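Participant: According to my numbering, the sequence shown is numbered sequentially starting from 1296.
Even glycine gets a Cβ: it sits at the ideal position worked out from N, Cα and C.
Given the structure is predicted, the values throughout are model-derived calculations rather than measurements.
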Amino acid sequence: MKALVYEKAHTLENFAIELVDLAEPALRDTDVLVEVRAIGVNPGEAFFRSVRSAEPGGRVLLGWEFAGVVVATGASAGRFKAGDRVYGTGDMTRDGCWAERVAVDHRILAAVPDQLSFVEAASLPIGSLTAWEAIFRDQDELPAGVDRVLILGGAGGVGSLATQLLKARTKAFVIGTGSRSESKAWSKKMGADLVLDHGGDIAEQLASAGIAHLDMVLSTAKTSDQIGWIARALRPFGHLSVVDGGPSLDVSPLMMKAASLHMEMVFSRIINGSAPERQGSILETVSELVVKGQVKPIVTTRLDGLTPATMKTAHGLVEGHRSIGKTVIAI
Ligand SMILES: NC(=O)c1ccc[n+]([C@@H]2O[C@H](COP(=O)([O-])OP(=O)(O)OC[C@H]3O[C@@H](n4cnc5c(N)ncnc54)[C@H](OP(=O)(O)O)[C@@H]3O)[C@@H](O)[C@H]2O)c1
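(1) Using only the heavy atoms of ligand 1, determine whether one of them is closer than 7 Å to the beta carbon of F1342.
(2) Which same chain residues end up closer than 7 Å to A1609 when comparing Cβ atoms and leaving out the 5 residues on each side of it in sequence?
(3) Exposed or buried, what is E1499 when buried is set at 16 or more other beta-carbons lying within 10 Å of its beta-carbon?
(4) Between L1579 and the rest of its own chain, which residues show a CB-CB distance below 8 Å, the 5 nearest in sequence each way excluded?
(5) Between A1463, R1464 and K1484, which lies nearest to T1472 when the distance is taken from Cα to Cα?
(6) Taking 8 Å as the cut-off, decide whether the C-beta atoms of V1482 and A1450 are in contact.
(7) Assuming the contact rule is C-beta atoms closer than 8 Å, K1602 and L1314 should be a hit. Round their C-beta distance to whole Å, please.
(8) With H, G and I counted as helix, E and B as strand and the rest as coil, what does DSSP make of K1607?
(9) Compute the beta-carbon to beta-carbon distance between V1538 and V1441, rounded to the nearest angstrom, for a pair I have assumed lies under 8 Å.
(10) Leaving out five residues on either side along the sequence, give the residues of the same chain with a beta carbon under 8 Å from the beta carbon of F1532.
(11) Going by C-alpha to C-alpha distance, which of L1356, G1369 and G1363 sits closest to D1290?
(12) Taking DSSP's pairing of strands, which residues face V1329 in a bridge?
(13) Consult DSSP for V1336 and reduce its assignment to one of helix, strand or coil.
(14) May I have a chain-ordered list of the beta strand (DSSP E) segments no shorter than 3 residues that lie completely inside the region 1440 to 1495?
(15) Does the count of Cβ pairs from the region 1396 to 1403 and the region 1580 to 1600 closer than 8 Å reach three?
(16) Thinking just about the alpha-carbon of each residue, which of H1534, G1523, R1564 and T1306 is nearest to the one in D1545?
(17) Tell me the DSSP bridge mates of I1624?
(18) Taking only three categories from DSSP, how would you classify M1558?
(19) Secondary structure at V1586, three-state DSSP: helix, strand or coil?
(20) Does the beta-carbon distance from V1512 to L1535 come in below 8 Å?
(21) Along the alpha helix (DSSP H) that carries A1298, what are the first and last residues, could you check?
(22) Are the beta-carbon atoms belonging to V1329 and F1361 less than 8 Å from one another?
So this is what it looks like as structure tokens:
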């Protein structure tokens, strides 16, 4: 099969992803083999391209957001059959979906709702699962007493789905943020009740809106730089959910608020074998919300073809950290 791979970690300027012929993926018992029809491209994958190299003689095949058609099933993957339309993520420790076919554990997939195209479906899995686990954690609801949630980066892939899921599933007052008129308008379109400007002073804007405190902040960008005002804005025993944690994140400002810190890693369940079927079930709920019109796909840029050129364009877009919604490549 054809796949987009590279050997050594590299910068966007030295983009070295190539289309090559690879052996078909080997199926584990719990896997399905999916013919990939559309790929969502994410900033995390561009980051891996810049830091992850193959073992000598090997190659790296990234990509963990797709929609496609099941073409074969492993011995314990009878939940799906050949011909089913599915969407989902994958396992960052295994080969990804920037290929004609991908082997993926059936438990983290769900059926694509009839009304979605493959391109539309591929815009949903990473944002939905990351947002769900960041805000609802391993429960199906917000932590007790959370009525007001601010989503820092409300127009990005995660922020767009977090906003939609909160509005669809809770009564929380949702505050999005953007720094440009287009991103603010998108955050509003996703359902935010109020949209603030993260290019300005958020505390002042909250005060102007008569908002004394936040119960939860979902931070999707530059958390280390913004934790000071986040801690000041949270109420005592409030919650900070972080999806972009890194070594520079100093959480000590949260101490005086006795706040809870929630770290999200979307591959945690599949890597640790911790009830991965929960992710299939979350995506099934997302599918139901799509059918009811309460969650909409977030494709804003469509590229066509499994080629180094389309992938380079997609990497350029996600590395700019200015995405609105999601870039999807149709195969
Ligand atoms: N932990 C996990 O499991 C997981 C899963 C998925 C993603 N992630 C990570 O989560 C982050 C968000 O992912 P994503 O797909 O939502 O990214 P994205 O789509 O690239 O996010 C773009 C958005 O970020 C906003 N933004 C840029 N700088 C900002 C700042 N300083 N403060 C607030 N917002 C800012 C931009 O708004 P403006 O253009 O209006 O400034 C833009 O709309 C990435 O770092 C990604 O790698 C983690």
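Facilitator: According to the data block:
(1) Mapped onto the sequence shown, residue 1342 falls at position 47. Because some heavy atom of ligand 1 lies under 7 Å away, the Cβ of F1342 counts as near it: yes.
(2) As a position in the sequence shown, residue 1609 is number 314, starting the count at 1. Excluding positions up to five away in sequence, the list reads V1336, L1598, T1622 and I1624.
(3) Reading the sequence shown from its first residue, position 204 is the one you call residue 1499. Under this definition E1499 is an exposed residue.
(4) Within the sequence shown, numbered from 1, the residue matching residue 1579 stands at position 284. The question names Leu, yet the displayed sequence has Glu at residue 1579. Contacts found: A1405 and A1406.
(5) On the sequence shown, position 177 is the one that residue 1472 refers to. With distances taken between Cα atoms, T1472 lies closest to K1484.
(6) The residue you call residue 1482 lines up with position 187 of the sequence shown. The residue you call residue 1450 lines up with position 155 of the sequence shown. Checking the sequence, you will find Ser at residue 1482 rather than Val. Yes, Cβ-Cβ distance for S1482 and A1450 is below 8 Å.
(7) Numbered from its first residue, the sequence shown carries residue 1602 at position 307. Numbered from its first residue, the sequence shown carries residue 1314 at position 19. Going by the sequence as given, residue 1602 is Thr instead of Lys. Yes, T1602 and L1314 are in contact; Cβ-Cβ is about 6 Å, under 8 Å.
(8) On the sequence shown, position 312 is the one that residue 1607 refers to. Shown here, K1607 sits in a helix according to DSSP, grouped into three states.
(9) Locating residue 1538 in the sequence shown gives position 243, counting from the first residue. Locating residue 1441 in the sequence shown gives position 146, counting from the first residue. That belief does not hold up - the Cβ atoms of V1538 and V1441 are roughly 17 Å apart, past 8 Å.
(10) Position 237 of the sequence shown, counted from the start, is the residue given in the question as residue 1532. Counting only residues of its own chain and dropping the five nearest sequence neighbours on each side, F1532 has a CB closer than 8 Å to the CB of G1440, K1552, A1553, A1554 and S1555.
(11) Because the chain is modelled from 1296 through 1626, residue 1290 falls outside the range shown and cannot be assessed.
(12) As a working note, residue 1329 is residue 34 in the sequence shown. Partner(s): V1365 and V1397.
(13) Position 41 of the sequence shown holds residue 1336. Strand, per DSSP.
(14) Qualifying beta strand (DSSP E) stretches, in chain order: 1443 to 1447, 1468 to 1473 and 1489 to 1492.
(15) No, because fewer than three Cβ pairs between the region 1396 to 1403 and the region 1580 to 1600 fall closer than 8 Å, the two stretches do not touch.
(16) In the sequence shown, the residue the question calls residue 1545 occupies position 250. Among H1534, G1523, R1564 and T1306, the Cα nearest to that of D1545 is on G1523.
(17) The count along the sequence shown starts at 1 and reaches residue 1624 at position 329. By DSSP's assignment, I1624 forms a beta bridge with I1334 and L1598.
(18) Taking the sequence shown and counting its residues from 1, one reaches residue 1558 at position 263. Of the three classes helix, strand and coil, the one that applies to M1558 here is strand, per DSSP.
(19) Locating residue 1586 in the sequence shown gives position 291, counting from the first residue. In this structure, V1586 counts as helix in the three-state DSSP scheme.
(20) Along the sequence shown, one-based indexing puts residue 1512 at 217. Along the sequence shown, one-based indexing puts residue 1535 at 240. V1512 places its beta carbon less than 8 Å from that of L1535.
(21) Counting from one through the sequence shown, the residue named residue 1298 turns up at place 3. Counting along the chain, no alpha helix (DSSP H) covers A1298; the unbroken beta strand (DSSP E) around it starts and ends at K1297 to V1300.
(22) In the sequence shown, counting from the first residue as 1, residue 1329 sits at position 34. In the sequence shown, counting from the first residue as 1, residue 1361 sits at position 66. Closer than 8 Å, so yes.
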